[in-house]
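Visitor: So the sequence shown is numbered by full-length UniProt numbering: it starts at 1 and just counts up by one.
Here it is, the structure, as structure tokens.
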Amino acid sequence: MSKQTPAPSLTDLNAGMPCCAPISEQRIPAETAAVLAPAFKALGDPVRLQLMSMIASASAGEICVCDLTPAFELSGPTISHHLKTLREAGLVDAERRGTWVYYRARPGIMRQLASLLDVGIPASV
């Protein structure tokens, strides 16, 4: 019988503890890679990366879709599709308030992605 640790879930990854060592230090376990890949894939689109930046940097910690949509020369349904992709990847949470939806970044998963990519190079290099 194998004594492998169970693969992390997005819930585990939001707990704040690093999921694994940075990829510059050791190979990422296949199970962890499978959990994190959808988040990286979601951020691989320029519009979604810009949306994520706007959501994560929102001064109130959240932003209304009504403030996101005008920032792009895309239709409302296209922006909604991109936001759904970010939500399904576990990068943002959404809350409907009346006719508007407000989006918040999930800092735990963002920290996981950042720590995984840490290569230990000083910022001045």
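Even glycine gets a Cβ: it sits at the ideal position worked out from N, Cα and C.
#1: For the putative contact between Leu83 and Ala105, defined by C-beta atoms under 8 Å, what is the C-beta separation to the nearest angstrom?
#2: Does the separation of the CB atoms of Ala39 and Ala89 fall below 7 Å?
#3: Identify whether Ile23 lies in helix, strand or coil by the three-state DSSP scheme.
#4: Which residue comes first and which comes last in the alpha helix (DSSP H) that contains Glu31?
#5: For Arg27, is the classification buried or exposed, using 16 other Cβ atoms within 10 angstroms of its Cβ as the cut-off for buried?
#6: What's the C-alpha gap between Ala56 and Arg111?
#7: Taking Glu62 and Tyr103 to be in contact with their CB atoms under 8 Å, please state how far apart those CB atoms are, rounded to whole angstroms.
#8: If you measure from the CB of Ala105, is any heavy atom of the ligand GTP nearer than 6 Å?
#9: Give every residue of the same chain whose Cβ lies closer than 8 Å to the Cβ of Pro22, excluding the five residues on either side of it in the sequence, and list them in chain order.
#10: Could you compute how far the alpha carbon of Pro70 sits from the alpha carbon of Arg87?
#11: Do you know how far the Cα of Ala58 is from the Cα of Ala37?
#12: Please state whether the Cβ-Cβ distance between Thr78 and Ala42 is less than 7 Å.
Guide: The answer reads as follows:
#1: Between Ala105 and Leu83 the Cβ distance is about 12 Å, and since that is not below 8 Å, they are no contact.
#2: yes
#3: coil
#4: Ala30 to Ala42
#5: exposed
#6: 12 Å
#7: 6 Å
#8: The model depicted lacks the ligand GTP and carries no ligand whatsoever.
#9: Ser115, Leu116, Leu117, Asp118, Val119 and Gly120
#10: 20 Å
#11: 25 Å
#12: no
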